[in-house]
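The structure appears below as structure tokens.
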Amino acid sequence: MDAEAGVVGADQLPRRQYYMNLLLLAYQSFGVVYGDLSTSPLYVYKSTFTLIPLLKYVTIVLSADDNGEGGPFALYSLLCRHAKLSLLPNQQAADEELSTYYRNGFAPRNGSAPWLRRFLEKHKKMRTVLLLIVLCGASMVIGDGILTPAISVLSSMSGLQVRATGLEHRSVVLLSCIVLVGLFALQHRGTQKVAFLFAPIVIIWLFSIGGIGLYNILHWNPNIYQALSPYYMVKFFRKTGKDGWIALGGILLSMTGSEAMFADLGHFTSASVRVAFVTVIYPCLILQYMGHAAFLSKNTFHMPTGFYDTIPEPVFWPVFVVATLAAVVGSQAVISATFSIVKQCHALGCFPRVKVVHTSRWIYGQIYIPEINWILMVLCVAVTVAFRDTTLIGNAYGIACMTVMLVTTFLMALIVIFVWQRNIVFALFFLVFFGSIEAVYLSSSLMKVPQGGWVPLVLAFIFMSVMYIWHYGLRRKYQFDLQNKVSMRSILSLGPSLGIVRVPGIGLIYTELVTGVPSIFSHFVTNLPAFHEVLVFLCVKSVPVPYVSPDERYLVGRIGPKEYRMYRCIVRYGYKDVQRDDDNFENMLVMSIAKFIMMEAEDASSSASYDIANEGRMAVITTTDDAGTPLAMRDFNGIADSLTTRSSKSESLRSLQSSYEQEYPSVSRRRRVRFEVPEDDDMGQQVKDELMALVEAKHAGVAYIMGHSYIKARRSSSFLKKFAIDVGYSFLRKNCRGPSVTLHIPHISLIEVGMIYYV
């Protein structure tokens, strides 16, 4: 009996633990996912509840996650992996072998509409249009990051005027600006320190508005439940006509925040988001909107002051405090989502280089971007001061949110065809059903463009221009490198010395090419009097997946014959990965090359003589497994180690390095190790010599070599291209962070050589 009970208990534990984790994630999702949606009652009726959040997002869209990630770029990355829709030609066959590349782990079939796939892959203009649609959605999400804090905080602070009747509106605007500045000033600390408080605030807020709504239903109009009938919707439009259609622009504010259910999916699971919405969010919002309608049915003169007039007097101030905190929580969630989507845009080559700070040691992917934070703060305060009215801000806010929903609907239709591989009829039904509803709402909102609706359109145009010009410049530069690669025959003709002096050390040559030798290498050889004994062409590449496992991050190959001591290393990151200042990068790189040398030697198909046909072959090197490591590694400490390396560096160079380490303590704290080639009788002499050359080069020092490129449009180019390259891209390149800073390259080891690209 005891043994049988033990088996049952062990069998039930995983299921019990699953439900506990589900409830915990659902609880935490209140503070991150639903902060915006739950604060919609603060401003909906003043500007004027639908089933779109329930039917579209909860039922369908949440199932289209990209390995747990959501948002417009997550859908776009899924499409780029299941069809060749990317404009940047740096994809490799090895990328398709990543464990997270294909949905459910297997390559797709032709799908239900192979003709549509071929049409999109063949026509570059159609792929450009698809990218512009995604950039439009991303730009509107950034617009949400500006408009959400403005409307949420201003709406919550306006409640002061209900009780403090003598308070002037400009004082409310000033208080709102102070709260907004404080909110953005605290972003650098990250949200994880106060994240546990977010969920209780939103839960208290939801139960408060649900209770107030129930009270108003019972007190003012118990028959308000009849408004749920579609009969009254038809009657409303028959009676109001065009005015009713225009009123949809205010009603859609009840859906703002719905897109956050998908955009913030990476922090939770789809099941937890669904549980939270169906059990708490949806019922509380229904009660609040019905209660608000019941109150207004008997008190139509209270329409201008909106939500706060519906609060019973004894609980007004507690609810006001909770509303203000909930508004801050909702704003925080959208600001964090803005950081996340800017990071995704940057990773996929659609945003200039910015500083990305990882704010949490425990919560992966929680980031802070200083430049974006201060831009959002300035624009948010400017919108608050300029409009001073939640109705005008609501007009702008509605257009931004509905555009994001339309973009999501369009991308979901393609997901149904290419990723889910369902019949095209299902995709068309989804697109027509939800797209037509959202198009009606958007058309109603566009009528309010003169009354504040122009703001998201202007912001979207600016952000889209920045993102597309940056992507266009990167694409033209990559195509120039691709078309002007140095031929292997010319490198082989130079011999192992490459026609110059080879000195001790490792030279890391940064390039964006994943195959071949970039044209800038010949520029290096021409301008530098000597080159390092070991050369590594290093490519730091973003792939269209959220995360890349450390065991799949490094691709290593060889360039030329073995005696040339030239290697290629591709370091792959996902669009949600954070490239940290890893002090162990050089050591992992050396270990990866050493493992490749051993793997190549053990490969029976590897020929002892060089074959140019094998050029470009690369292998995935595991960095987390120490088994089979060909090199021994020990910490670099003690006088003996210092004496060993003294001869490799001059006195002046060691003095300069010491001064640099005092100025930048993070460099001096890096782990220093020494590599040794173990005595192994089974290791061939040629392999041992190559490993020894690699170790000695590492001990001599590592230099980072980059091209300081200037991109110019050719004289024969069109005016639009000259403006985009010579003005737009040049301005962005000069005013964004340098590539050496983004890649955390120590300045003392950096060598830059200038070069002009005529594209």
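At position 288 of the sequence shown the residue is numbered 931 (our numbering), and the sequence of numbers has no breaks.
Quick reminder that beta carbons are idealized off the backbone N, C-alpha and C, glycines included.
Three-way DSSP call (helix, strand, coil) for residue i in this model
| i | result |
| --- | --- |
| methionine 1261 | strand |
| tyrosine 1417 | With the chain running from 644 to 1402 in the structure shown, residue 1417 is simply not present. |
| leucine 1386 | coil |
| tyrosine 745 | coil |
| aspartate 1284 | Confidence in aspartate 1284 is poor, its pLDDT being 45 and thus under 50, which makes the residue's placement unreliable; the coordinate value appears in the next sentence. Looking at aspartate 1284 - three-state DSSP - the assignment turns out to be helix. |
| arginine 1065 | coil |
| glutamate 1081 | helix |
| alanine 1367 | helix |
| phenylalanine 994 | coil |
| arginine 1211 | strand |
| valine 1160 | strand |
| histidine 766 | coil |
| lysine 727 | coil |
| cysteine 820 | helix |
| alanine 1173 | strand |
| glutamate 1333 | helix |
| valine 1186 | coil |
| tyrosine 1218 | coil |
| leucine 826 | helix |
| isoleucine 1060 | helix |
| alanine 717 | helix |
| methionine 1276 | strand |
| alanine 756 | coil |
| leucine 1181 | strand |
| aspartate 709 | strand |
| valine 916 | helix |
| isoleucine 954 | coil |
| aspartate 1200 | According to the sequence shown, residue 1200 is glycine rather than aspartate. Glycine 1200 falls in the strand class under three-state DSSP. |
| glutamate 1195 | helix |
| alanine 1346 | strand |
| serine 1361 | coil |
| valine 1047 | helix |
| glutamate 1322 | coil |
| glutamate 1395 | strand |
Assumed close pair residue i, residue j - CB separation to whole angstroms, cut-off 8 Å
| i | j | result |
| --- | --- | --- |
| isoleucine 844 | valine 965 | 7 Å |
| valine 1233 | lysine 1331 | Valine 1233 to lysine 1331, Cβ: 16 Å. No contact. |
| aspartate 787 | alanine 1043 | 5 Å |
| isoleucine 1354 | lysine 1120 | 6 Å |
| arginine 1199 | tyrosine 1210 | What sits at residue 1199 in the sequence shown is valine, not arginine. Yes, they are in contact, since the Cβ atoms of valine 1199 and tyrosine 1210 sit about 7 Å apart, within 8 Å. |
| glycine 934 | isoleucine 847 | Incorrect: roughly 17 Å between the Cβ atoms, too far for contact. |
| leucine 728 | leucine 763 | 6 Å |
| valine 1050 | cysteine 779 | 6 Å |
| aspartate 615 | leucine 1151 | For residue 615 there is no data in the structure shown, the boundaries of the chain being 644 and 1402. |
| alanine 1367 | tyrosine 1115 | 6 Å |
| glycine 1096 | alanine 1039 | 6 Å |
| isoleucine 1348 | tyrosine 1153 | 7 Å |
| serine 1235 | threonine 1272 | About 10 Å; that fails the 8 Å criterion. |
| proline 792 | leucine 818 | Going by Cβ atoms, the distance from proline 792 to leucine 818 rounds to 14 Å, so no, they are not a contact pair. |
Exposed unless 16 or more other CB atoms sit within 10 angstroms - verdict on residue i
| i | result |
| --- | --- |
| histidine 989 | buried |
| arginine 761 | exposed |
| isoleucine 1399 | exposed |
| tryptophan 758 | exposed |
| leucine 1363 | exposed |
| valine 1160 | buried |
| valine 772 | exposed |
| glutamate 712 | buried |
| alanine 1173 | exposed |
| arginine 1201 | buried |
| tyrosine 744 | buried |
| glutamate 1229 | buried |
| leucine 1085 | buried |
| histidine 1175 | buried |
| aspartate 1325 | exposed |
| glycine 1142 | exposed |
| valine 830 | Here the sequence assigns glutamine to residue 830, which means valine is not the residue at that position. The residue is buried, with at least 16 neighbouring Cβ atoms inside 10 Å. |
*For the segment 1210-1219 and the segment 1137-1150, state whether three or more C-beta atom pairs, one from each stretch, are separated by less than 8 Å.*
Output reads no: the segment 1137-1150 does not touch the segment 1210-1219.
*Is it true that the segment 1164-1174 meets the segment 1187-1200, where meeting means three or more beta-carbon pairs spaced less than 8 Å apart?*
Output reads no: the segment 1187-1200 does not touch the segment 1164-1174.
_For a minimum of 3 consecutive residues, which ranges assigned as the beta strand (DSSP E) are wholly contained in the segment 1085-1161?_
Runs of the beta strand (DSSP E) inside the segment 1085-1161: 1144-1153.
_Three or more C-beta pairs below 8 Å linking the segment 809-818 and the segment 976-984_ = Per the Cβ contact rule, the segment 809-818 is not in contact with the segment 976-984 (fewer than 3 Cβ pairs under 8 Å).
*Should the segment 1059-1079 be regarded as contacting the segment 791-810, the criterion being three or more beta carbon pairs within less than 8 Å?*
In this structure the segment 1059-1079 does not lie against the segment 791-810, because fewer than three pairs of beta carbons, one per stretch, are closer than 8 Å.
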